[in-house]
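For the sequence shown, our numbering assigns the number 57 to the initial residue and increments by one for each residue that follows. Positions of the beta carbon are idealized from the N, C-alpha and C atoms, including for glycine.
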Amino acid sequence: MKEEITADQIFCPICIEDTLPQTTGNLLRINFVGTTIKNIGFRCNICKSLVAEKRFTLYGIPIHTFGYFRIQEIYPRSFYARKLKDQKYYGLNSTKGFAK
Ligand SMILES: [Zn+2]
57 MKEEITADQI FCPICIEDTL PQTTGNLLRI NFVGTTIKNI GFRCNICKSL
107 VAEKRFTLYG IPIHTFGYFR IQEIYPRSFY ARKLKDQKYY GLNSTKGFAK
């Protein structure tokens, strides 16, 4: 059986509290097929995760947004992500990039 990586191995307790579980192991592995991640900042001082907007793009044009996620880079072009509870806050402050 494959060993699951759990959210608490990736994110600090504050970031876990700020986000919602996604898939098995409470993590969403993002593939880059048709999706892009726009990093908007809000770096966590503890676990160094970032807030990003996940979008579906077609020929480079964003056509759908999946909302705001807290992401942790595992290796180049691969991330673990958890959806933020407060989507509105990050939508309104996406250009500021300061910690909440
Ligand atoms: Zn954190």
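Burial state of residue i, where buried means 16 or more other Cβ atoms lie within 10 Å
i: Ile130; result: exposed
i: Ile127; result: buried
i: Asp74; result: buried
i: Leu140; result: buried
i: Ile119; result: exposed
i: Asn82; result: No answer about Asn82 holds up, because its pLDDT of 43 lies below 50 and its placement is not dependable.
i: Lys104; result: exposed
Residue i - containing alpha helix (DSSP H), residue span
i: Cys71; result: Pro69 to Glu73
Quiz item: Unbroken alpha helix (DSSP H) runs of length 4 or more, entirely within the region 95-149: which are they?
Solution: 143-148
Exercise. Go through the residues and name those whose CB comes closer than 7 angstroms to any heavy atom of ligand 1, in chain order.
Key: Phe67, Cys68, Ile70, Cys71, Cys100, Ile102, Cys103 and Ser105
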